[in-house]
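One structure is given here, and the rest of the page talks about it.
In structure tokens form, the structure reads like this:
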């Protein structure tokens, strides 16, 4: 069995793909497999994928599919994976040489289902724009790092855990990693963090978030998130309830303050009604959560803590929709 299956979804990244794959080929962690899934690229990315697979047949496996989106590409990679652990790397990003070794070491030490490592945000010149580096994970006391790293990347999953809970990325939506990460944060036994920033998150003008113009053409994973909440409720929460609820609120706050901008009134209403419904149905006592207080000491930026508190207050006062409509209009 391979130690790690690294899943790399690819779509029109001919300028950056070689850098990503070279960083994975240079890993100090032995016996990894790199599953590169070309999601119907229209540039030369597919050819680059094949060239690397032919040059490194024992380490890289190439898959080609019609364009179905990043979720379908990641799911295809998971279906083909043979490693003990799974991890995801976006094809325009790259990682430091010991990125995988440090996470596998942490996972093996405590038989962890989930390991989280920090990241650096870098620009096209290689300048570090920001760095997020975890410190510690203490069950029931300091569980904020898995909910601060909200992406699919920066995480190592035990494949057995992934398959046990039938985790999958929802198709055709934005923020597709939220349901998966929520389930992992809630249900993983023995979570570890690596106090390093080994993932290099590349910011450039063609990146998805830079080009996002609201929810006119996109949907959020409403159904998938609710199914995840139901599944966690039925399966039984493993980790701290207050941190779990705070994680749900973190997702919802991010959605409303990030994706409402540039969206139509109808889309804003749909999003706000969904948020209020989820809170009232699954976290009816959300205002009693001690972490909602924005001045509670957590290793989460104050602006994020404040956004969660604002969301909770607006929902409690039943004024979320009108306030977010004004907010979206001001920032459009």
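Residue numbers (my numbering): 1013 to 1344.
Where is the CB? At the ideal position from N, CA and C, for every residue including glycine.
Worksheet entry | Endpoints, the alpha helix (DSSP H) within which residue 1076 is located | Looking at the DSSP string, residue 1076 is not in any alpha helix (DSSP H); the run it does join, the beta strand (DSSP E), is 1072-1077.
Worksheet entry | Endpoints, the beta strand (DSSP E) within which residue 1210 is located | Element bounds for residue 1210: 1203-1214.
Fill in: Own chain, CB closer than 6 Å to residue 1213, minus 5 neighbours either side, in chain order
1105, 1131, 1133
Fill in: Burial state of residue 1279 (16 or more Cβ within 10 Å)
buried
Fill in: Alpha-carbon spacing of residue 1100 relative to residue 1136, whole angstroms
21 Å
Discussion item. Measuring only the C-alpha atoms, how far is residue 1040 from residue 1034?
Written reply: 12 Å
Practice prompt. Return the Cβ separation of residue 1019 and residue 1127 in integer angstroms, given the expectation that the two are a contact with Cβ distance under 8 Å.
Written response: Incorrect: roughly 16 Å between the Cβ atoms, too far for contact.
Practice prompt. Please confirm whether residue 1008 and residue 1029 have their CB atoms less than 8 Å apart.
Written response: Given that the chain is displayed from residue 1013 to residue 1344, the structure contains no residue 1008 and the question cannot be resolved.
Worksheet item: Would you report the Cα separation of residue 1261 and residue 1139, rounded to the nearest angstrom?
Response: Answer to the nearest angstrom: the Cα atoms are 32 Å apart.
Worksheet item: Which word fits residue 1186, buried or exposed, when buried means at least 16 other C-beta atoms lie within 10 angstroms of its C-beta?
Response: buried
Discussion item. Below 8 Å on the Cβ atoms is my contact criterion, and I expect residue 1016 with residue 1081 to pass it. Report the Cβ-Cβ distance as a whole number of Å.
Written reply: That pair is no contact at about 24 Å.
Discussion item. For the beta strand (DSSP E) containing residue 1056, name the first residue and the last one.
Written reply: Per DSSP, residue 1056 belongs to no beta strand (DSSP E) and is neither H nor E.
Worksheet item: Can you round the beta-carbon distance between residue 1119 and residue 1170 to whole angstroms, since I take them to be within the 8 Å contact cut?
Response: 7 Å
Worksheet entry | For residue 1223, the three-state DSSP class (helix, strand or coil) | Bear in mind that the predicted position of residue 1223 carries a pLDDT of just 49, short of 50, making it unreliable; the figure below should be weighed with that in mind. Three-state result, residue 1223: coil.
Discussion item. Taking only three categories from DSSP, how would you classify residue 1338?
Written reply: helix
Worksheet entry | Beta-carbon gap between residue 1052 and residue 1079 smaller than 8 Å | Less than 8 Å divides the Cβ of residue 1052 from the Cβ of residue 1079.
Discussion item. Am I right that residue 1191 and residue 1233 are in contact with their C-beta atoms under 8 Å? What's the rounded C-beta distance?
Written reply: 6 Å
Discussion item. Mapping the DSSP letters down to three states, classify residue 1169 as helix, strand or coil.
Written reply: strand
Discussion item. Does residue 1150 pass the burial test, meaning 16 or more other C-beta atoms within 10 Å, or should it be called exposed?
Written reply: Using a 10 angstroms sphere on the CB of residue 1150, the tally of other CB atoms stays under 16, which defines it as exposed.
Fill in: Buried versus exposed, by CB contacts within 10 Å (16 or more), residue 1249
exposed
Worksheet item: Taking one C-beta from the region 1188-1202 and one from the region 1236-1250 each time, how about it: are there three or more such pairs within less than 8 Å?
Response: yes
Worksheet item: Quick one: what does DSSP say residue 1245 is sitting in, helix, strand or coil?
Response: helix
Item to complete: Keeping to the same chain, check which residues put their C-beta closer than 8 Å to that of residue 1245; ignore five residues upstream and five downstream.
Response: Taken in chain order, the residues that qualify are 1294.
Item to complete: Evaluate residue 1054 with the Cβ neighbour count: other Cβ atoms within 10 Å of its Cβ, from every protein chain shown; 16 or more gives buried, anything less gives exposed.
Response: With fewer than 16 other beta carbons inside 10 angstroms of its own, residue 1054 counts as exposed.
Worksheet item: With a CB to CB cut of under 6 Å and the five nearest residues on each side skipped, what residues in its chain are close to residue 1298?
Response: 1291, 1324
Practice prompt. Using only alpha-carbon positions, find the residue among 1155, 1125, 1202 that is nearest to residue 1176.
Written response: Measuring C-alpha to C-alpha distances from residue 1176 to each of 1155, 1125, 1202 identifies 1125 as the nearest.
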